[in-house]
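Asker: Numbering (this note's numbering), first residue to last: 326 to 568. C-beta atoms are modelled at their ideal positions from N, C-alpha and C, and glycine is treated no differently. Computed from a predicted model, the values in this text were never measured in an experiment. This is the structure, below, for whatever I ask next.
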Ligand code: FPP
């Protein structure tokens, strides 16, 4: 007799998007520098990517740097991009081995040259991978995404009657990828902070008090369990959904 499937196995999200919050508070609570918190955060990234790959999640998006984050002290911003470069250098072999494709959502032209180079290299090397599509939201803003899509639609000479949701989506940074089924935010804040505003219209939202550096496989599994228990109706009634 086959074992009954766990809720997670019955109902896994195709696309998980995560607002990785709380590195600074995690560090401060331990008498460490904010940089130590970000370093611990990058270790959590590795754990969560590995777990998603194991589970067969097809898309994972991580909010790594918002347009608003440029307002942080210069030293912290510099540290975050240096950390990104080391992360890409260290993780690229595993991404290649594990068939993980890397993409970016956001305008990377404003990033330091070393970060742009490392991203371009990793994206080119993994472009044909198919198991897990890992997106890093960098210099990202959900509103800026909508504005850049409008600008490009107009620049392409699109006529008013041709603008549909489908066409509009194809101009967003997320073009070609499914909308997130599940958006997770760590560290107790209950807001979206300009993340995937258009794409999260019907996402399930999951908030946890755990700080990002402490978010691991067990915490991801808990979020997936909560997701599996949700009833997604997309505006329809429960009866309609079941028929
Ligand atoms: C928010 O926590 C986190 C960030 C702005 C940066 C996210 C970066 C990482 C998780 C590490 C590096 C990522 C990659 C992909 C290598 P916060 O610092 O605002 O926390 P706080 O609200 O407690 O201060």
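Let me know the secondary structure DSSP gives residue 397 once reduced to three states.
Answerer: Position 72 of the chain shown, counted from the start, is the residue given in the question as residue 397. Reduced to three states, the DSSP call for residue 397 is coil.
Asker: Between residue 417 and the ligand FPP, is the CB less than 7 Å from at least one heavy atom?
Answerer: Here residue 417 corresponds to residue number 92 of the chain shown, with the count starting at 1. Outside the cutoff, so no.
Asker: For residue 560, count the other beta carbons within 10 Å of its own beta carbon; 16 or more makes it buried, fewer makes it exposed. Which is it?
Answerer: Residue 560 sits at position 235 when you count from the first residue of the chain shown. Counting Cβ neighbours within 10 Å, residue 560 comes out exposed, since fewer than 16 surround it.
Asker: Heavy atom of the ligand FPP less than 7 Å from the Cβ of residue 426, yes or no?
Answerer: Along the chain shown, read from residue 1 onward, the residue named residue 426 stands at position 101. Not so, every heavy atom of the ligand FPP lies at least 7 Å from the Cβ.
Asker: Round the Cβ separation of residue 537 and residue 356 to the nearest angstrom and send it over; I've been treating them as touching at under 8 Å.
Answerer: Start at 1 with the first residue of the chain shown, and residue 537 comes out as number 212. Start at 1 with the first residue of the chain shown, and residue 356 comes out as number 31. With 8 Å as the limit, residue 537 and residue 356 do not qualify as a contact, their Cβ atoms being about 18 Å apart.
Asker: Please state whether DSSP places residue 327 in a helix, a strand or coil.
Answerer: Numbered from 1 along the chain shown, position 2 holds the residue referred to as residue 327. For residue 327, the predicted structure reports a pLDDT of 46, less than 50, and the residue's modelled location is therefore unreliable. A value from the coordinates is still provided. Coil at residue 327, not helix or strand.
Asker: What's the call for residue 510, buried or exposed, on a 16-neighbour Cβ count within 10 Å?
Answerer: Along the chain shown, read from residue 1 onward, the residue named residue 510 stands at position 185. So residue 510 counts as buried.
Asker: Determine contact between the stretch 451 to 468 and the stretch 418 to 430, defined as no fewer than three beta-carbon pairs at a distance below 8 Å.
Answerer: Contact holds: three or more Cβ-Cβ distances are below 8 Å.
Asker: Does DSSP put residue 535 in a helix, a strand or coil?
Answerer: Position 210 of the chain shown, counted from the first residue, corresponds to residue 535. Coil, per DSSP.
Asker: Is the distance from the Cβ of residue 523 to the Cβ of residue 467 below 8 Å?
Answerer: Here residue 523 refers to the residue found at position 198 when the chain shown is read from its first residue. Here residue 467 refers to the residue found at position 142 when the chain shown is read from its first residue. Yes, they are a contact pair.
Asker: Do the stretch 477 to 496 and the stretch 514 to 522 touch if we need at least three Cβ pairs shorter than 8 Å?
Answerer: They do not touch, by the three-pair rule.
Asker: Let me check you understand the geometry: is the CB of residue 363 closer than 7 Å to at least one non-hydrogen atom of the ligand FPP?
Answerer: To locate residue 363, count along the chain shown from 1; it is residue 38. At least one heavy atom of the ligand FPP is nearer than 7 Å to the Cβ of residue 363, so yes.
Asker: CB of residue 406 to nearest heavy atom of the ligand FPP: below 7 Å?
Answerer: The count along the chain shown starts at 1 and reaches residue 406 at position 81. It does not: the Cβ of residue 406 is nowhere closer than 7 Å to a heavy atom of the ligand FPP.
Asker: List, from N- to C-terminal side, the alpha helix (DSSP H) runs of 4 residues or more that fit wholly inside the stretch 405 to 453.
Answerer: Complete alpha helix (DSSP H) runs here, min 4: 438 to 451.
Asker: Quick one: does the C-beta of residue 267 sit closer than 7 Å to a heavy atom of the ligand FPP?
Answerer: Here the chain covers residues 326 to 568 and nothing more, so residue 267 does not appear.
Asker: What separation, rounded to the nearest whole angstrom, lies between the Cα atoms of residue 337 and residue 549?
Answerer: On the chain shown, position 12 is the one that residue 337 refers to. On the chain shown, position 224 is the one that residue 549 refers to. Roughly 7 Å between the two C-alpha positions.
Asker: Under 8 Å by Cβ, that's how I've got residue 352 and residue 361 pegged, so tell me the actual separation to the nearest angstrom.
Answerer: Numbered from its first residue, the chain shown carries residue 352 at position 27. Numbered from its first residue, the chain shown carries residue 361 at position 36. With 8 Å as the limit, residue 352 and residue 361 qualify as a contact, their Cβ atoms being about 5 Å apart.
Asker: Taking the Cβ atom as the reference point for each residue, do residue 390 and residue 405 lie within a distance shorter than 8 Å?
Answerer: What you label residue 390 is simply residue 65 of the chain shown in a count that begins at 1. What you label residue 405 is simply residue 80 of the chain shown in a count that begins at 1. Contact flag set, yes.
Asker: If I'm right that residue 642 touches residue 507 with Cβ under 8 Å, what's the distance once you round it to whole angstroms?
Answerer: The chain is shown from 326 up to 568; residue 642 falls before or after that span and cannot be answered.
Asker: Between the alpha carbons of residue 541 and residue 345, how many angstroms are there, rounded?
Answerer: For the purposes of this step, residue 541 is taken as residue 216 along the chain shown, with counting starting at 1. For the purposes of this step, residue 345 is taken as residue 20 along the chain shown, with counting starting at 1. Roughly 12 Å separates the two Cα atoms.
Asker: If I measure Cβ to Cβ from residue 326 and keep anything under 6 Å in the same chain, skipping five residues before and after, which residues do I get?
Answerer: Taking the chain shown and counting its residues from 1, the one referred to as residue 326 is at position 1. Bear in mind that the predicted position of residue 326 carries a pLDDT of just 44, short of 50, making it unreliable; the figure below should be weighed with that in mind. The answer is none, since no qualifying residue turns up.
Asker: Verify the contact flag: residue 504, CB atom, against every heavy atom of the ligand FPP, threshold strictly below 7 Å.
Answerer: For the purposes of this step, residue 504 is taken as the residue at position 179 of the chain shown. No - the ligand FPP has no heavy atom lying nearer than 7 Å to the Cβ of residue 504.
Asker: With residue 460 as the anchor, note down where its beta strand (DSSP E) starts and where it stops.
Answerer: Here residue 460 refers to the residue found at position 135 of the chain shown. It spans 457 to 465 - the beta strand (DSSP E) in which residue 460 sits, taken as one unbroken run.
Asker: Fully enclosed by the stretch 345 to 399, which beta strand (DSSP E) runs are 3 residues long or longer?
Answerer: Whole beta strand (DSSP E) segments, 3+ residues: 384 to 391.
Asker: By Cβ distance, which residues of its chain are closer than 7 Å to residue 505, with the 5 residues on each side in sequence left out?
Answerer: Here residue 505 corresponds to residue number 180 of the chain shown, with the count starting at 1. Correct list, in chain order: 340, 341, 342, 386, 521, 524, 525, 528.
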